Amino acid sequence: MNNLSLPKSFEVLEPLVASWSLPTQNARQQKRINASKGELRAFYEAMLPRLEDVLAYVDKYPLGELPPEAERLFCLALSLAEVAPHVELYGGDPKVPHSFDETRFVADHGALAV
Amino acid sequence: MNAPAELRWAAKYPELGTGPIPVEPCVSPEFFEEERQKVFMKTWLKVGRIEEIANPGDYKVKKLAFAKTSIILIRGKDGQVRGYHNVCSHRGNKVIVESGEETFGRNKAAVVTCRFHGWVYNAEGALVQVPEEDKFHACFEREKNALTAVHTDVWEGFIFVNLDPAPSVTPLKDYLDGIGSHLAGFPYGEISQCFSYHTYLDCNWKVAHDAFAEAYHVATIHAGSFPNVFSSGLQNVELFGPHRTTAICLSLKNDPTPVAKIANALATGSLVARRGASMLPPTVNPERREDFSFELSVLFPNLLLHISEGIWFTHQFWPISHNRTLWEGKYYVRPPKTNSQRWALEHAQCLQRNAWLEDTATMEDTQTALESGAKQWMHLQDDEVLIRHGYHALEAYMEKK
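Read top to bottom, the protein sequences are chains A and B.
Going by my numbering, the first sequence opens with residue 3, and the numbers climb by one from there.
Going by my numbering, the second sequence opens with residue 33, and the numbers climb by one from there.
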């Protein structure tokens with residue numbers, strides 16, 4: 003086990019951990035903004051087939067009480083929540099098309115950690 | 033000449049007229065100054081929620097740039113929320129040092145202390161302690177140096193202030209009147225998880241406000257985030273004095289996207305899903321239409337309050353100058369019980385944030401274009417009736433002596 007490992011049966015997603023298993027919404031948003039269209043698509047396609055399994059797995063634990071490996075897996079799913087609209091709705095664009103400058107929105111709820 | 037289709041709102045509200053709306057109220061510094069005095073200094077304005085200052089001694093300081101002040105909202109030991117100007121009676125320092133637009137704090141004894149010379153005020157505003165009080169002159173009376181109170185009241189857990197310095201003003205309940213009853217009883221306090229954004233927009237507060245007060249823009253502005261989701265037409269428009277309300281309905285011509293479908297099954301977080309109507313007040317969506325998405329209500333002058341099954345959200349527009357506005361968007365959902373619900377809410381919140389990024393995209397361009405002077409009038413269609421009513425309500429306040 004190392005700091006990139008995921009729970010058993012999710013090992014196939016381990017190559018995504020370093021880039022996408024990010025602990026706060028701010029970090030996930032920044033990662034999405036700075037990713038390429040191809041990176042978003044590849045991440046989405048790798049995650050989508052396993053999404054329901056991931057959500058069932060994290061529900062074995064009470065809210066907010068995930069052990070490190072499960073938390074890494076959960077952060078991947080949260081990155082998918084951030085990325086999905088861009089692939090499913092915005093034609094793969096890493097930015098929201100025709101939008102206000104995202105950096106000018108101040109999130110008063112903070113960084114939103116897991 | 034245009035040959036209009038069925039104009040139902042013009043027929044229902046003939047007193048609003050059908051003519052174009054002047055541009056001047058959105059671009060004129062003189063109009064702004066009068067509006068500031070006649071509207072914003074004279075009406076009840078939402079400044080918080082009771083959950084933000086849940087315990088005795090909790091306080092919130094809210095900056096109100098248009099009034100060049102900030103207001104301390106403090107909960108007393110008696111549970112009451114009261115409001116005061118954040119100005120010390122001594123030499124006028126801010127009693128509570130602020131950080132940003134909103135500052136939160138707590139004092140177990142339910143007092144606030146000015147950092148400058150240590151004057152202490154209780155939650156009733158009374159000056160209760162003055163260091164070296166015996167060195168003040170005979171004309172100084174502690175009893176007469178309370179904090180300057182601001183009319184403060186609570187409706188459905190929303191804290192409102194009215195900055196009118198007059199000793200008495202129309203009570204909040206009477207001010208809200210019909211809209212207050214229409215939106216009462218919704219479980220605002222239970223749906224307590226708040227996602228909150230703010231930004232400064234280089235536009236008049238009405239340019240920002242009006243952009244959110246119709247569904248006509250959805251097909252174009254939200255072609256990205258909400259494709260074929262909402263109907264442009266309004267349902268159940270009702271006017272209550274200066275306030276107004278409408279139902280926004282779903283068309284849902286598209287199937288949900290794969291990730292949205294999984295999220296919608298887990299938690300009520302997204303407006304883009306058919307949901308029941310069990311928690312809505314009886315006058316909201318009275319026919320219990322299946323396509324109802326949310327109620328869009330305007331509490332005059334600057335609050336949009338929306339309620340929906342398991343979700344509520346607000347937009348508020350704080351004027352800074354004739355072409356600058358502080359926008360605050362707050363989206364409330366039920367706190368998640370499981371990790372998967374937590375995930376579903378994050379998905380809903382990201383989509384909603386993105387939709388708001390789409391909404392705010394036009395506002396500064398609109399202001400710049402209006403300030404060119406190229407146009408003096410704006411034409412409104414029938415389903416922009418809330419905007420039309422907004423200008424009528426504003427005009428009524430502006431004409432008050």
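Just so it is clear, CB atoms sit at the ideal spot from N, CA and C, and this is done for glycine as well.
Computed from a predicted structure; not experimentally measured.
Check	Outcome
Neighbouring residues, chain A, relative to K369 (chain B) (Cβ below 7 Å)	L65
Residue(s) in a DSSP beta bridge with Y363 (chain B)	B:F227 and B:F345
8 Å contact criterion, which I128 (chain B) and I104 (chain B) should meet: CB distance rounded	6 Å
Buried versus exposed call for T346 (chain B) [16 or more other C-beta atoms within 10 Å across all chains shown]	buried
Simplified DSSP assignment, three categories, for Y46 (chain A)	helix
Beta strand (DSSP E) runs contained entirely in the stretch 63-120 of chain B, provided each spans 3 or more residues	76-81, 90-96, 101-107 and 113-117
Extent of the continuous beta strand (DSSP E) to which I339 (chain B) belongs	L335 to S340
Whole-angstrom C-beta distance between H214 (chain B) and P313 (chain B), which should lie under 8 Å	7 Å
DSSP three-state assignment for H275 (chain B), whether helix, strand or coil	strand
Residue environment, T278 (chain B), which counts as buried when at least 16 other CB atoms sit within 10 Å	buried
Ordered list of beta strand (DSSP E) runs contained in the stretch 225-269 of chain B, each at least 3 residues	225-233
Cβ neighbours of F332 (chain B) in the same chain (closer than 7 Å, five flanking residues each side left out)	T75, P274, H275 and A425
Proximal residues to T135 (chain B) (C-beta, below 6 Å), its chain only, five neighbours per side dropped	V93
With 16 other Cβ atoms within 10 Å as the buried cut-off, status of T105 (chain A)	exposed
Contacting residues, own chain, Cβ-Cβ under 7 Å from A299 (chain B) (five flanking each side not counted)	P368, Q373, A376 and L377
Identity of the residues DSSP links to Y153 (chain B) by a beta bridge	B:V144 and B:L159
For F136 (chain B): DSSP bridge partner residues	B:K92
Whole-angstrom distance between D397 (chain B) and V98 (chain A), CA atom to CA atom	18 Å
Same chain, Cβ closer than 8 Å to P96 (chain A), neighbours up to 5 away in sequence not counted	R34, I35, N36, A37, S38, K39, L42 and H88
Proximal residues, the stretch 131-155 of chain B versus chain A, C-beta separation under 7 Å	none
Rounded C-alpha distance that separates D323 (chain B) from V85 (chain A)	28 Å
DSSP bridge partner residues for D185 (chain B) (one or two, in chain order)	B:F192
Bridge partner(s) assigned by DSSP for C171 (chain B)	BP columns for C171 (chain B) are empty, so no partner.
Enclosing alpha helix (DSSP H) for V127 (chain B) [first to last residue]	It is not in any alpha helix (DSSP H) - V127 (chain B) carries neither H nor E in the DSSP assignment.
Under 7 Å (Cβ pairs) to chain D, residues found in the stretch 31-53 of chain A	Going by chain labels, chain D is absent from the structure shown, which instead holds the protein chains A and B.
Cβ contact check for the stretch 201-214 of chain B and the stretch 171-181 of chain B: 3 or more pairs under 8 Å	no
Cβ-Cβ distance between A240 (chain B) and F326 (chain B) below 8 Å	no
N109 (chain A) versus A37 (chain B): straight-line alpha-carbon distance, rounded	Going by the sequence as given, residue 109 (chain A) is Ala instead of Asn. Going from the Cα of A109 (chain A) to the Cα of A37 (chain B) covers about 43 Å.
Contact list for F12 (chain A) against chain B, beta-carbon separation under 8 Å	The premise fails here: F12 (chain A) is roughly 15 Å from chain B at the closest Cβ pair, so nothing lies under 8 Å.
When B:F148, B:T370 and B:M395 are compared against K238 (chain B), the one with the closest alpha-carbon	B:M395
Exposure label - T392 (chain B); buried when at least 16 CB within 10 Å	buried
Where the alpha helix (DSSP H) containing L412 (chain B) begins and where it ends	Here L412 (chain B) belongs to no alpha helix (DSSP H), and DSSP marks it neither H nor E.
Sequence-distant residues of the same chain with beta carbon closer than 6 Å to H117 (chain B), five excluded per side	T101 and T180
Pairwise C-alpha distance: V56 (chain A) and K62 (chain A)	10 Å
Within-8 Å CB hit, S101 (chain A) to chain B	yes
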